[in-house]
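Notes follow once the structure below has been shown.
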Amino acid sequence: MPGEAVTLQLGQFAGCVGTHWWGLQAAALRSPSEPSELRHTVLLRPGRGPGGREIHTPRLVALELKGGVGAVGTGGAGPEAPVSWDGAVASYLERAPGGGSAARNAGRRMGDASSDGQEGSSSAVQGSSPAPSRLAVSQDLHSAGSIRVWSDYLNVHLHPKSVYVIRQYMHDGDCGCLEAFGQGESLLRDPGCIEELEDRLHFYVEECDNLQGFQVLCDLHNGFSGVGAKVTELLCDEYSGKGILTWGLTPVMSNRGDFQKNFYRLMNTVMGIVHLSSHSSLFCPLSLSGSLGIQPQPPVMFPYIHYDASLNYHSSAILAAALDTLTAPYRLCSSQGSMLHLAETLNFSGRKVVAAGASVPFPALRGSSLPDILCAYEEEVPWKLLSSCREQKVSCCFAQSVVLRGICKESHLSSCQGKQPRSPLHTWESTEQILQQYLHSVFPGAFSTSHVLQQSCHTLPPYPQFFSPLLTREGFLLDKPPRYPSAAVESIPVLAALQSSPALHTLLHSLDKDLQRLNTRRLPSFFSAGVEHDDFQETLEELRTLSQCYKTGFEADESEDEEDSD
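With my numbering as the guide, the letters of the sequence shown map in order to residues 1 to 566.
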């Protein structure tokens, strides 16, 4: 059985993704309709709340800046049994704008743990209620402009050791922010900060029966990239032989006209990719932004999701659904695979950076067969890239891990009996065989592993209801628009892939070219924060070396097209 993992959450956008991810897992725990194929104790720790009720808390260490936690009070953090801890409740309260200490109710909703107002109660985690209409849920949640920080929609309990607030920097404002990679690195050189981090890590590690490793969710675009670099270095040194899977997270940025912020973002991204990948078993950039470089590109769009790219609450929800699916291989009840095993299937030949892709939701008509669906994607893959890579003209990858969830596993041969199979895919019986054969046909020569889960991705509140009206409550497609308002979408099928792909050469090479065009000495403040010019030049060389690991020749035309468009 897969062992336990500890999650580190570094930064505000990482917190947004993580909060949605914990919400998805809490929703899966509450679902009585299907047996769980995922072992929830890999990421969640069971305990007892008031009255002996069972609660599950993330095995989480979250580093956040002053003002970035908001109010995580009586509903957001609850006590466990004394055997797990002494019953103290973690309460973080941000001052209201007009003074005083009243907690904000921004973004709170019926059933949300942080709005119940009773000690330790959480109907969103412990109970269930009739599904409201999609319109009602949308109106309730979609005062989304009032959601400022991830704790505004946190609906799970947190252990008192989970949140560590870094008070040297402010979450928001024109000054005092954690802007540069060097600032983040310097924080983790502070003995007090290291002691706090190690104390929290040791608490969770020592209670694990079989630690398989660490998941690091880290902001890539700001100074938390430097924090993540030192955190992963510490994990690599102290927990040798354990898996370290790092996800570099970037929101869709709106400050494209601000040269200094763009410059800092690019530098932080490059420094983060190089340092985080060197200390991790596997590193994956995750973003709905079309580009991580200077040149702006439109955000990733999905045919059956209508989301506002400017809202972290929306974009982080999509990434969380992808993350929950991508991490399934080392959380399966039926598998012995660990996160280190997953990393080793993808990171050979120095390729420790991977790209993610997902179809959210996977477009399936109720009752349609998987071969019929996949046959519609013979010329292109059914997922969108989530790593700010350009779509490749030639489908190619070195290795990949693909997970399909929410699709019935029953035989697909019944619809073909007595008929000539429409395609080679229609000759296979199980969903596992069909998916594997599809991957072999689209990516010949690639090392492909695949998993199929009947368990769908649950999208109950606080997950946003930004779905197309063409989706049913279970996330399947309707063949025509409904005559009446749709019920809220409670679950969706998802297809997600991690790929070691030549597309990463294009991404890494483009970042290098962007930096070559800039005079890095125009902003000495970035280097005065703690990064030496010689160290930065060494990082650029490592970026170029890493980029060459993904070069095959297919991307030569891609690079020419990119230069023509500049």
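Quick reminder that beta carbons are idealized off the backbone N, C-alpha and C, glycines included.
No experiment lies behind these values; they were computed from the predicted model shown.
If you follow the alpha helix (DSSP H) that residue i is part of, which residue opens it and which one closes it?
| i | result |
| --- | --- |
| Met267 | 259-278 |
| Ser368 | Where Ser368 is concerned, there is no enclosing alpha helix (DSSP H), given that its DSSP letter is neither H nor E. |
| Asp514 | 503-517 |
| Gln433 | 431-442 |
| Asp219 | Careful: Asp219 lies outside any alpha helix (DSSP H), inside the beta strand (DSSP E) at 211-219. |
| Val205 | 191-206 |
| Pro524 | 524-528 |
| Thr325 | 312-326 |
Which residue marks the beginning of the beta strand (DSSP E) containing residue i, and which one marks its end?
| i | result |
| --- | --- |
| Arg48 | 44-48 |
| Thr7 | 4-10 |
| Val61 | 60-66 |
| Phe447 | 447-453 |
| Cys284 | 282-287 |
Under three-state DSSP, which class holds residue i?
| i | result |
| --- | --- |
| Val156 | coil |
| Met170 | strand |
| Trp383 | coil |
| Asp535 | helix |
| Glu541 | helix |
| Gly226 | helix |
| Gly15 | helix |
| Ile305 | strand |
| Thr552 | coil |
| Thr345 | coil |
| Leu141 | Residue confidence is low: Leu141 scores 46 on pLDDT, short of 50, so the model does not pin down where it sits. Its coordinate-derived value is still stated next. Note: Leu141 maps to helix in three-state DSSP. |
| Arg390 | coil |
| Ala136 | Note that Ala136 has pLDDT 44, beneath the 50 cutoff, so the model's placement of it is unreliable and the number below is only indicative. Correct three-state label for Ala136: helix. |
| Gln183 | helix |
| Glu474 | coil |
| Ser547 | helix |
| Val149 | coil |
| Cys333 | coil |
| Val252 | coil |
| Pro482 | coil |
| Trp22 | helix |
| Thr57 | strand |
To the nearest angstrom, how far is it from the Cα of residue i to the Cα of residue j?
| i | j | result |
| --- | --- | --- |
| Ala488 | Ser186 | 46 Å |
| Leu211 | Pro50 | 28 Å |
| Gln12 | Val6 | 19 Å |
| Gly67 | His157 | 20 Å |
| Ser368 | Ser277 | 41 Å |
| Pro502 | Val353 | 11 Å |
| Leu201 | Val163 | 12 Å |
| Ala106 | Arg148 | For Ala106, the pLDDT reaches just 32, beneath the cut-off of 50, and the residue's location in the model is therefore unreliable, leaving the point undetermined. |
| Arg517 | Leu540 | 13 Å |
| Lys513 | Gln9 | 30 Å |
| Gln454 | Val402 | 14 Å |
| Thr552 | Ser448 | 18 Å |
| Gly47 | Ser310 | 37 Å |
| Ser423 | Glu379 | 14 Å |
Drop a sphere of 10 angstroms on the beta-carbon of residue i, count the other beta-carbons inside from all chains shown, and report buried for 16 or more, exposed for fewer.
| i | result |
| --- | --- |
| Asn268 | buried |
| His171 | buried |
| Glu119 | Bear in mind that a pLDDT of 29 at Glu119, under 50, signals an unreliable position, so the number given afterwards is only what the model happens to contain. Counting Cβ neighbours within 10 Å, Glu119 comes out exposed, since fewer than 16 surround it. |
| Met301 | exposed |
| Ser121 | Bear in mind that the predicted position of Ser121 carries a pLDDT of just 30, short of 50, making it too unreliable to give a figure here. |
| Arg521 | exposed |
| Ala328 | buried |
| Pro35 | exposed |
On the premise that residue j lies in contact with residue i, defined as a C-beta separation below 8 Å, what is that separation, rounded to the nearest angstrom?
| i | j | result |
| --- | --- | --- |
| Leu385 | Gly357 | 5 Å |
| Cys218 | Leu249 | 7 Å |
| Cys549 | Arg390 | In fact, because the Cβ distance is near 18 Å, the residues do not count as touching under 8 Å. |
| Phe476 | Ala364 | 6 Å |
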